[in-house]
Structure formats: structure tokens, C-alpha cells
Ligand code: 6PG
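In the working numbering, the protein residues as written are 1 to 254.
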């Protein structure tokens, strides 16, 4: 059922980063089992950066045997414009912490070809999405689950404040110039995020406390992450206590 737009998203606060990772693993496992049971496969878009590394390595330890990885299909919400073996690569981080540790067929992983020129990488990734999901023109892939992170500037995926990709409404993936990095990122767009069956933000650490308070107390602030409102899907926030430390007691939804 569709979440009412005004409804505050479900917020769960875990005591620390390890218990946040455990909660994320539990959500991944439940969504994967449900997706495979209901439609024979589970499609997930992974987030990058540092926060999810702990999640992915715990996932590889806990679910190596208990999930049918042949039916799990891995995509990425965004990618840096670097080759797949670059230390900055989200694919490399996921490969090291998860993909190389579980019996996942190679053809089940759809990485962004970020070694290509940026626009070509985005076109290529969009084509991978269109053909895997067998999309009719003008339709968007409905991921079973999308993990997202939150930047201190309120960005998510590589949808940064003030960047062109924020206003993209028809492409599935674009090359987005990020001024502060003087670099391109390849990112899925809001229509893809908002077509998902479930989106879970994973936010850890005291550094994020300020932006978390902004987002949960200022609904009109218009940070990019606030435009993530799945039209017919579930939106969840998993925070650890340091990241939630500036939230008033009253705003906790356990
Ligand atoms: C990336 C991510 C990005 C990340 C946030 C938070 O490519 O870096 O997709 O959106 O989730 O920047 O990053 P940390 O988890 O490293 O704080």
C-alpha cells in the first residue's frame, strides 16, 4: 500500500554501528526471502561510501548459506567516476566486503561501467537496467530494496544539492557533475528511487547528527534525501544512536 506522503518515515534507532549493521542485515534477509518467495528473485541496489561496508561484511558472514544467491541480483545506486579497482569505487568496496564472499553468480552483478567516459557509463548502466527489468519506454525499475546513505550535506546516492540530476524525471541513470569534488558521479535518479518497493537509509555516526536533525525537524528544507518518497513502497531509516543524538526524544518512532 502506498505510504501517505506526509507520514513521517519509520525511524529505528540502534545503540551502535554494529547493531545498525545487524538490523540492516535482518532487513536484507527478510526482503530477499520475501522477494524470492513472491516473485522468484530479489533485486537490490547497494549504496556506497563507508557506512555500508560493515553491513555487507556482516551480510556475507550471516547469509552466505542461508540465502539463494542465484536468485539475488545486485545493482548500485551510484558510482564514482573511477575504474572498478580504484579505492574510491563503490563496486570495489562491495566486491571486497560482500560480492566475493557469497556464492553469487557473476552475471547477477550489474556494476556501473565507471571506467568509461561518464555520459557513456550512465547510458550503459541505464541500458543494463532497461534490459534486465524489461522496461517499456517511460517506465521505471521497481527494486525490491534500495539501500541509501546520507551525506552531511543531505545528499543521497550521488544526488547532491544544487546538482543537475536533482531535476531529472525521465532518465534512469545520469552522469552528474559534482562541483565540490570537481568530478562526475554516475547516479540513479529520483524516479528510480521512488519506484522501489522498499528504501532503507542507513545512517551511522555523530557526524551525521546535524543533518539527521535537519531532515527530521525541517520537512521543507528540500535536501535531496527528502525527495526520496517511494510512491508505492516503504521508506525506513535505520540510525545508530550517535547519528540520532540531536533528535528530540519525542521524535523517536521505535
Ligand atoms: C557514495 C554514496 C553516498 C554515501 C553518502 C554517505 O557514493 O559515497 O552513495 O551517497 O551514501 O555520502 O557516505 P558515508 O557512508 O561514507 O558517510
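Don't be surprised by glycine CBs; every beta carbon is placed ideally from N, CA and C.
query, result
"Please report the straight-line C-alpha distance between residue 25 and residue 47, rounded to a whole angstrom.", "14 Å"
"Taking the C-alpha atoms as reference points, what is the distance between residue 176 and residue 129?", "18 Å"
"Could you tell me the alpha carbon to alpha carbon distance between residue 209 and residue 15, rounded to whole angstroms?", "14 Å"
"Does residue 1 pass the burial test, meaning 16 or more other C-beta atoms within 10 Å, or should it be called exposed?", "Confidence in residue 1 is poor, its pLDDT being 43 and thus under 50, which makes the residue's placement too unreliable to answer from."
"Near residue 248, which residues of its chain fall below 6 Å by C-beta distance, leaving aside the five closest residues on each side in sequence?", "none"
"Is residue 107 buried or exposed, if buried means 16 or more other CB atoms sit within 10 Å of its CB?", "exposed"
"Would you kindly work out how many angstroms separate the C-alpha atoms of residue 142 and residue 113, rounded to a whole number?", "21 Å"
"For chain E, is any of its Cβ atoms less than 7 Å away from the one on residue 183?", "Given the protein chain composition of this structure (a single chain), no chain E is represented."
"Given a threshold of 16 other Cβ atoms within 10 Å of its Cβ, counted over all protein chains shown, does residue 18 qualify as buried or as exposed?", "exposed"
"Ignoring anything shorter than 3 residues, give me the beta strand (DSSP E) runs that lie fully in the region 84-145, in order along the chain.", "none"
"Report the three-state DSSP secondary structure of residue 213 (helix, strand or coil).", "helix"
"For residue 81, which residues in the same chain have their Cβ closer than 8 Å to its Cβ, ignoring the five residues on either side in sequence?", "114, 118, 121, 175, 183, 184, 185 and 186"
"Candidates 57, 66 and 116: which alpha carbon is nearest residue 98's?", "57"
"Compute the beta-carbon to beta-carbon distance between residue 178 and residue 160, rounded to the nearest angstrom, for a pair I have assumed lies under 8 Å.", "5 Å"
"Can you give me the C-alpha to C-alpha distance between residue 84 and residue 198, rounded to a whole angstrom?", "27 Å"
"Beta carbon of residue 169, beta carbon of residue 225: below 7 Å?", "no"
"Going by the DSSP bridge assignment, what does residue 78 pair with across the sheet?", "187"
"Which of the three DSSP states, helix, strand or coil, is assigned to residue 169?", "coil"
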